[in-house]
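Enquirer:
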Amino acid sequence: MSEKVIKGIKFGILSPNEIRQMSVTAIITPEVYDEDGTPIEGGVMDPRLGVIEPGQKCPVCGNTLSACPGHFGHIELVKPVLHYGYVKHVYDFLRATCRHCGRLKIKEEDLERYRRIYNSIKDRWPSAARRLVEYVKKVAMKNMECPHCGEHQFKIKLDKPYYFNEERNGSLVRLTPSEIRERLERIPDSDVELMGYDPKTARPEWMILTVLPVPPITIRPSITIESGIRAEDDLTHKLVDIVRINERLKESLEAGAPQLIIEDLWDLLQYHVSTYIDNEIPGLPPAKHRSGRPLRTLAQRLKGKEGRFRGNLSGKRVDFSARTVISPDPSISIDEVGVPQTIAKILTVPERVTKFNIERIRQYIINGPDKWPGANYVIRTDGRRIDLRYVKDRKELAASITPGYIVERHLVDGDTVLFNRQPSLHRISMMAHRVRVLPGRTFRLNVLVCPPYNADFDGDEMNLHVPQSEEAIAEAREIMLVHKNIITPRYGGPIMGGGQDYISGAYLLSVKTTLLTKEEVATILGVTDFNDDLGEPAILSPKQYYTGKQVISLFLPKDFNFHGVANISKGVRACKNEVCPHDSYIVIKNGILLEGVLDKKAIGNQQPESILHWLIKEYGTEYGKWIMDNVFKMFIRYIELRGFTMTLDDVTIPPEALKEIDQSTADAYNQVNDLIKKYNEGKLEPIPGRTLEESLEDYILDTLDKLRKIAGEIATKYLDPFNNAYIMAITGARGSELNITQMTAMLGQQSVRGERLKRGYMNRTLPHFKAGDISPDSRGFVHNSFTRGLTPIEMFYHAAGGREGLVDTAVKTSQSGYMQRRLINALSDLRVEYDGTVRSLYGEVMEVSYGDDEVHPMYSAHGKSVDINRIVERVIGWRK
């Protein structure tokens with residue numbers, strides 16, 4: 001058999017003759033079954049249309065259910081009807097061609113010129129050919145007199161969904177499908193081609209149906225319900241309606257019925273054929289079951305998420321995959337995944353037997369399918385497959401294998417697998433991990449790898465896929481392993497990194513006050529693979545102590561320099577330079593942490609230009625993996641050693657602080673009352689571009705926002721700097737200073753859509769206030785904290801503010817998902833060519849230079865081609 005290369009795919013329209021030729025029978029009766037329940041010949045379930053019952057033989061091809069593909073039938077329509085899918089095309093043809101002679105309404109010499117251009121560009125530049133076709137249509141539609149026969153043309157209007165009317169002498173005359181078909185038949189092939197169609201495969205008159213194909217019953221099988229009643233497919237119901245109306249129309253025509261009845265039945269036939277094709281036509285009531293459920297007809301089977309394309313062709317189910325709940329495991333490496341032994345015994349990897357692995361594979365065969373690590377199948381050199389479940393003497397089989405055999409063995413430690421969490425919103429929602437087979441029933445994942453997957457451990461499930469070929473495994477190892485994707489292609493910074501306990505541990509270990517004995521240092525280094533000399537302790541007398549900074553410095557490269565600001569500097573704005581009492585300025589010189597604390601800005605996830613970022617960028621992803629597998633484990637070990645808990649005392653402030661907050665609240669309320677008084681007296685100065693009422697609301701919101709900030713500052717003033725809740729907030733480990741304010745001082749103004757609460761009863765939010773009251777208390781201000789507790793009214797306000805967040809989450813998820821889908825489809829054919837340009841499938845240039853600099857964000861310095869400051873910093877130690 002000779003091989004051919006596919007040049008292209010062409011879609012056409014079935015002609016009436018082709019429909020008849022591919023048909024095995026004409027469908028002529030609306031009756032489906034006789035009294036015995038046997039399908040009637042000539043009905044829509046005619047036995048010649050295919051087999052759906054086991055054991056039956058097809059009378060056409062002689063095959064049984066498993067081999068019979070099904071066969072088409074056809075319905076001869078008494079009157080032609082429009083195919084709804086081609087209404088716009090028919091509209092174009094009617095407007096561009098002459099109603100009398102069928103020619104395009106363009107002069108012959110112009111037509112010849114357009115034809116020459118079209119024939120020369122249609123194969124090489126299809127997009128240019130399409131633009132020419134649109135131009136030709138536009139020119140032809142403008143002419144109201146035919147240049148070929150001189151016939152005056154009338155304006156044609158489309159009355160949606162499928163009625164065409166012609167404006168004749170000031171009145172609208174309806175064009176019947178028969179008249180439309182006659183006009184389309186008159187259009188010559190040469191003009192059809194210039195309209196962008198191939199007349200051999202798509203004549204315009206074929207868009208008006210005279211023969212309707214009836215699909216095989218294999219695509220519309222009937223099912224038997226428990227009660228024994230047979231339920232037919234929606235398509236079958238629709239076909240019965242079409243045959244019934246077609247027969248009634250035939251009888252009416254033969255009986256010489258009035259034109260009005262004929263037209264009504266013709267319209268009904270048009271409706272049934274249209275809803276058979278698409279049951280969601282705008283302006284047309286959908287065909288329904290007796291129960292009121294709309295029928296699922298042809299278009300509905302193809303369209304949408306559950307349709308044939310997205311649901312079955314693009315969205316396939318796959319073998320060699322597993323899915324279960326994920327659990328955290330900080331002790332495994334970032335590029336490992338803990339796989340339950342139960343799963344490891346089911347999923348297999350085909351391994352070819354060689355002289356180097358034959359003994360190991362023999363042991364797998366002896367272990368068999370039930371003992372891990374074992375094997376499930378052996379494939380001999382002749383292709384015969386042996387299922388080890390049914391082999392009695394596995395030792396004998398193991399001894400008989402030779403190089404060239406393939407053994408489908410269990411997953412073992414070190415195998416490369418793909419791990420994925422849905423929704424897969426970006427490339428790194430699927431990465432390669434190395435298998436670590438563990439007891440239990442969940443996948444184990446290192447906590448540091450959560451951000452790219454957007455995973456947490458509150459019940460999330462993930463998918464695991466096992467590559468089956470050496471090429472796939474090699475590709476996964478080379479480009480998909482976790483540590484090769486720490487730097488995200490989105491912004492060129494580390495997407496993985498510390499969070500929560502890691503950051504708290506790093507901060508507490510790196511603060512100036514942390515001093516450790518040699519034994520304590522050994523304890524926290526015990527979780528790492530550090531085996532070098534500790535060096536001299538920082539304090540020698542009266543007792544030897546190492547600082548936390550010294551311990552961290554043990555892991556830094558000796559030529560690493562860094563200068564930056566810690567996250568805590570936001571809360572300590574007094575620090576202007578390196579001399580900071582809060583140690584918020586980080587200085588690393590020659591691999592020694594001299595000043596500063598490590599917090600989210602230094603080692604956190606999604607923190608570009610951090611210490612972690614530059615370590616990975618300058619020393620490689622393998623080094624970045626080593627840091628995350630060792631130093632980060634050490635931070636957790638230290639926090640376990642020190643202890644890190646939170647009690648109610650951590651969010652309780654003394655009575656004097658509460659008095660200060662109450663005084664500030666009273667002052668703010670007075671300011672709000674003054675604003676309301678000015679507004680009522682007409683003395684309030686409006687904000688440019690805002691009404692007086694909007695200006696008042698803005699002034700009040702501003703005053704109450706300032707109050708919450710003041711309350712937060714008062715509360716913070718009374719909190720111990722080593723208060724664990726406060727440490728979490730200022731280091732960026734978890735929560736924010738706003739959370740601390742709400743727990744200790746006050747919740748502040750609750751808002752919906754960025755405004756104070758308005759809606760509720762007539763001119764008031766709740767029945768507890770007077771109508772027209774716009775004071776803070778009546779419009780959603782909560783002056784209590786979570787520690788003090790909310791009043792019932794405040795609780796209601798807080799629920800109103802919280803509900804907006806829940807609604808937003810649901811609405812924005814679907815909106816952003818649909819937007820991403822549209823973008824993916826729009827950009828799917830763009831690619832970067834070898835000359836650096838971004839081009840479409842047809843060679844159209846979208847960008848002369850990819851991203852203006854031709855730099856992949858993943859390999860950039862946080863979006864910049866080159867970071868000059870960082871280069872200087874590396875050379876001289878820190879930025880001047």
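Note that UniProt numbering has the sequence shown beginning at 1, numbered continuously upward.
Virtual Cβ for every residue (Gly too), placed ideally from N, Cα, C.
In this text the structure is predicted, and so the values were computed from the model without any measurement.
1) Please check the pair H289 and L298, which I expect to be a contact at CB under 8 Å, by giving their CB distance rounded to whole angstroms.
2) To the nearest whole angstrom, what separates the beta carbons of I479 and L515, a pair I think is in contact under 8 Å?
3) If distances are taken between C-alpha atoms only, which option among I9, I824 and F11 comes closest to H426?
4) Could you name the residues that DSSP lists as bridge partners for H289?
5) Among the residues of its own chain, which have a CB less than 8 Å from the CB of V337, if the five just before and after it don't count?
6) Within the chosen definition, does the segment 130-141 reach the segment 213-224 through at least 3 CB pairs nearer than 8 Å?
7) Are the Cβ atoms of Q749 and S785 separated by less than 8 Å?
8) By DSSP, does L534 sit in helix, in strand, or in coil?
9) In or out: A574 buried (at least 16 other Cβ within 10 Å) or exposed?
10) Relative to the C-alpha of T201, which residue among I9, V511 and S331 is closest?
11) Whole angstroms are fine: how far does the CA of L747 sit from the CA of E609?
12) What span of residues does the alpha helix (DSSP H) with P451 cover, start to end?
13) May I ask you to list the residues that DSSP assigns as paired with E408?
14) Distance check for V782 and R803, CA to CA, integer angstroms please.
15) Would you be able to state if there are at least three C-beta pairs under 8 Å between the segment 713-723 and the segment 615-622?
16) Pop quiz: I601 and N567 are said to be a contact at Cβ under 8 Å. What is the actual Cβ separation, rounded to whole angstroms?
17) Quick one: which unbroken beta strand (DSSP E) runs of 3-plus residues sit fully inside the segment 208-292? Chain order, please.
18) Are the Cβ atoms of residue 890 and M207 separated by less than 8 Å?
19) Which same chain residues, not among the five before or five after K160, have their C-beta less than 6 Å away from its C-beta?
20) At 4 residues or longer, and completely inside the segment 599-628: list those alpha helix (DSSP H) runs for me, N to C.
21) Evaluate A68 with the Cβ neighbour count: other Cβ atoms within 10 Å of its Cβ, from every protein chain shown; 16 or more gives buried, anything less gives exposed.
22) When the Cα of residue 889 is compared with those of N723, R822 and G596, which residue comes out closest?
23) Whole beta strand (DSSP E) runs in the segment 392-438 with 3 or more residues, listed along the chain?
24) Determine the direct distance from the alpha carbon of G643 to that of F530, and round the result to whole angstroms.
25) Fully enclosed by the segment 81-127, which alpha helix (DSSP H) runs are 4 residues long or longer?
26) With burial defined as no fewer than 16 other Cβ atoms inside 10 Å of the residue's Cβ, what is the status of K57: buried or exposed?
27) Does DSSP put P557 in a helix, in a strand, or in coil?
28) Quick one: grab the DSSP three-state call for S190.
29) Helix, strand or coil for D808 per DSSP?
30) DSSP three-state call for K7: helix, strand or coil?
31) Between which two residues does the beta strand (DSSP E) containing S327 stretch?
32) Which residue wins for smallest C-alpha separation from I19, given the options H74, D34, S66 and V412?
33) Give me the Cα-Cα distance between A375 and G383, rounded to the nearest whole angstrom.
34) Which same chain residues, not among the five before or five after E873, have their C-beta less than 8 Å away from its C-beta?
35) Quick one: what does DSSP say Q820 is sitting in, helix, strand or coil?
36) Any idea what DSSP makes of L757, helix, strand or coil?
Expert: Result, derived from the coordinates:
1) If you number the sequence shown from 1, residue 289 lands on position 289. If you number the sequence shown from 1, residue 298 lands on position 298. About 17 Å; that fails the 8 Å criterion.
2) The residue you call residue 479 lines up with position 479 of the sequence shown. The residue you call residue 515 lines up with position 515 of the sequence shown. That pair is no contact at about 45 Å.
3) On the sequence shown, residue 426 is found 426 positions in, with the first residue counted as 1. Nearest of I9, I824 and F11 to H426, Cα basis: I824.
4) Numbered from 1 along the sequence shown, position 289 holds the residue referred to as residue 289. In the DSSP output, where bridge partners are listed per residue, H289 has none listed.
5) If you number the sequence shown from 1, residue 337 lands on position 337. Closer than 8 Å at Cβ, skipping near neighbours: V417, F419, H433, R434, V435, R436, F443, R444, L445 and L464.
6) no
7) Translated into positions along the sequence shown, residue 749 becomes position 749. Translated into positions along the sequence shown, residue 785 becomes position 785. Not a contact, by the Cβ cut-off of 8 Å.
8) Taking the first residue of the sequence shown as 1, we reach residue 534 at position 534. It is coil, neither helix nor strand.
9) Residue mapping note: residue 574 aligns to position 574 of the sequence shown, counting from 1. With a pLDDT of 49 at A574, under the threshold of 50, the predicted position of this residue should be treated as unreliable, though the coordinate-derived value follows. Classification of A574: exposed, given that the 10 Å Cβ count is below 16.
10) Translated into the one-based positions of the sequence shown, residue 201 becomes position 201. Cα-wise, what sits closest to T201 is I9.
11) By 1-based counting over the sequence shown, the position of residue 609 is 609. By 1-based counting over the sequence shown, the position of residue 747 is 747. Near 34 Å, if we compare the C-alpha coordinates of L747 and E609.
12) Sequence index remark: in the sequence shown, residue 451 carries index 451 (1-based). From DSSP, the alpha helix (DSSP H) with P451 extends over C450 to Y453.
13) Walking along the sequence shown from the start, residue 408 turns up at place 408. According to DSSP, which records beta bridges pairwise, E408 is partnered with P350 and Y377.
14) Counted from its first residue, the sequence shown places residue 803 at position 803. Counted from its first residue, the sequence shown places residue 782 at position 782. Their Cα atoms are separated by approximately 16 Å.
15) no
16) Position 601 of the sequence shown, counted from the first residue, corresponds to residue 601. Position 567 of the sequence shown, counted from the first residue, corresponds to residue 567. It is worth fixing the name first, because residue 601 is Lys in this sequence and not Ile. About 4 Å; that satisfies the 8 Å criterion.
17) 208-214
18) Outside the displayed span of the chain (1 to 880) sits residue 890, for which this structure offers no information.
19) For the purposes of this step, residue 160 is taken as the residue at position 160 of the sequence shown. Closer than 6 Å at Cβ, skipping near neighbours: G283.
20) 600-603 and 611-619
21) One-based indexing of the sequence shown puts residue 68 at position 68. The amino acid at residue 68 is misidentified as Ala; the sequence shows Cys. So C68 counts as buried.
22) As displayed, the chain neither begins before 1 nor continues past 880, which places residue 889 out of reach and without an answer.
23) 406-410, 416-420 and 430-438
24) Counted from its first residue, the sequence shown places residue 530 at position 530. Counted from its first residue, the sequence shown places residue 643 at position 643. Distance between the alpha carbons of F530 and G643: 23 Å.
25) 87-96 and 108-121
26) Position 57 of the sequence shown, counting from 1, holds the residue named residue 57. Answer is exposed; the Cβ neighbour count stays below 16.
27) Counted from its first residue, the sequence shown places residue 557 at position 557. Looking at P557 - three-state DSSP - the assignment turns out to be coil, as it is neither helix nor strand.
28) In the sequence shown, the residue the question calls residue 190 occupies position 190. Of the three classes helix, strand and coil, the one that applies to S190 here is helix, per DSSP.
29) The count along the sequence shown starts at 1 and reaches residue 808 at position 808. Helix at D808.
30) As a working note, residue 7 is residue 7 in the sequence shown. Here K7 sits in coil by DSSP.
31) As a position in the sequence shown, residue 327 is number 327, starting the count at 1. Element bounds for S327: S321 to P328.
32) To locate residue 19, count along the sequence shown from 1; it is residue 19. Of the listed residues, the one whose Cα sits closest to I19 is H74.
33) Position 375 of the sequence shown holds residue 375. Position 383 of the sequence shown holds residue 383. C-alpha separation (whole angstroms): 17 Å.
34) Here the question's residue 873 lines up with position 873 in the sequence shown. Once the five neighbours on either side are set aside, the close Cβ partners of E873 are N561, F562, H563 and R879.
35) The residue given as residue 820 occupies position 820 in the sequence shown. The answer is helix: DSSP assigns Q820 an H, G or I state.
36) The residue labelled residue 757 in the question sits at position 757 within the sequence shown. Of the three classes helix, strand and coil, the one that applies to L757 here is coil, per DSSP.
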